[in-house]
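Student: To convert, note that position 70 of the sequence shown is 70 in full-length UniProt numbering; the numbers rise steadily by one, no gaps. Each residue gets a CB set at the ideal place from its N, CA and C atoms; glycine is no exception. No experiment lies behind these values; they were computed from the predicted model shown. Pasting a structure below so you can have a look.
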Amino acid sequence: DPSLFHAHADPIPTELSPDLLPTIDTIVDSRKIGQRYDYLIHWKDQPDSEDSWIPLSDLPDSTNELVDNFHRRHPRSKRPPSSVLSSSRQVVFTPQSDDVEIDSADSSRPVPPATVRRSPSPIFINPNLRVNYQPAPQTTTRSGRVARPPNRLNL
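Listed below in structure tokens is the structure:
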């Protein structure tokens, strides 16, 4: 009976077995829509008609190598900035050896970035090119008539 269900209830979560999930075979193309990057995915054991556009944020970390290979093969295709690509990647931390001692006081303080002194940019002055303009003393029209513009007062 539908009246027993609350209208705003969350849907019942269902889990798909990994065997039922499609596997990415190759990346065919990329595009940018607004700030989002999408990849055209060709699925393993599926016809080309089943290829689909998947946002980069929805691609699993296991496809990072496929994305890198695609951009190496297609350097002119739409590519997100490296910061976006690296933030979507999984970071693997390796445990440090016990032989190395780290001063806990130094590691807890953030290190400010080194500041680089730069000379100030020169002030751009837009020259008024009309000040020194002198019109031609005469011009020839398409019909061959010679026109002499009147003298203008320079103010």
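Please state whether DSSP places residue 143 in a helix, a strand or coil.
Tutor: Coil.
Student: Whose C-beta lies closer than 6 Å to the C-beta of residue 31 among residues of the same chain, with five residues either side of it excluded?
Tutor: Around residue 31: 38, 78.
Student: DSSP three-state call for residue 73: helix, strand or coil?
Tutor: Residue 73 falls in the helix class under three-state DSSP.
Student: Taking just the CA atoms, how far does residue 125 sit from residue 141?
Tutor: Their Cα atoms are separated by approximately 37 Å.
Student: For residue 22, which residues from the same chain have a beta carbon less than 6 Å from its beta carbon, with the 5 sequence-adjacent residues on both sides left out?
Tutor: Correct list, in chain order: 43.
Student: Counting only the same chain and skipping the five closest in sequence on each side, list residues whose C-beta sits under 7 Å from that of residue 25.
Tutor: So the list reads 42, 43, 44, once near-sequence residues are dropped.
Student: Among 35, 7, 40, 76, whose alpha-carbon lies nearest the alpha-carbon of residue 84?
Tutor: Comparing Cα-Cα distances from residue 84 to each of 35, 7, 40, 76, the minimum goes to 35.
Student: So residue 58 and residue 40 are supposed to be a Cβ contact under 8 Å. How far apart are they, rounded?
Tutor: Actually they are not in contact, since the Cβ atoms of residue 58 and residue 40 sit about 13 Å apart, beyond 8 Å.
Student: Residue 156 and residue 148: beta carbons closer than 7 Å?
Tutor: With the chain running from 1 to 155 in the structure shown, residue 156 is simply not present.
Student: How would you write the range of the beta strand (DSSP E) that residue 28 sits in, first residue to last?
Tutor: Unbroken beta strand (DSSP E) run through residue 28: 24-33.
Student: Who are the Cβ neighbours of residue 123 in its own chain at under 6 Å, not counting the five residues just before and after it?
Tutor: Cβ neighbours of residue 123 beyond the five flanking positions: none.
Student: In chain order, what residues of the same chain have a beta carbon less than 8 Å from the beta carbon of residue 146, not counting five sequence neighbours either side?
Tutor: The residues are 138, 139, 140.
Student: Please report the distance separating the alpha-carbon of residue 131 from that of residue 151.
Tutor: Taking the straight line from one Cα to the other gives about 16 Å.
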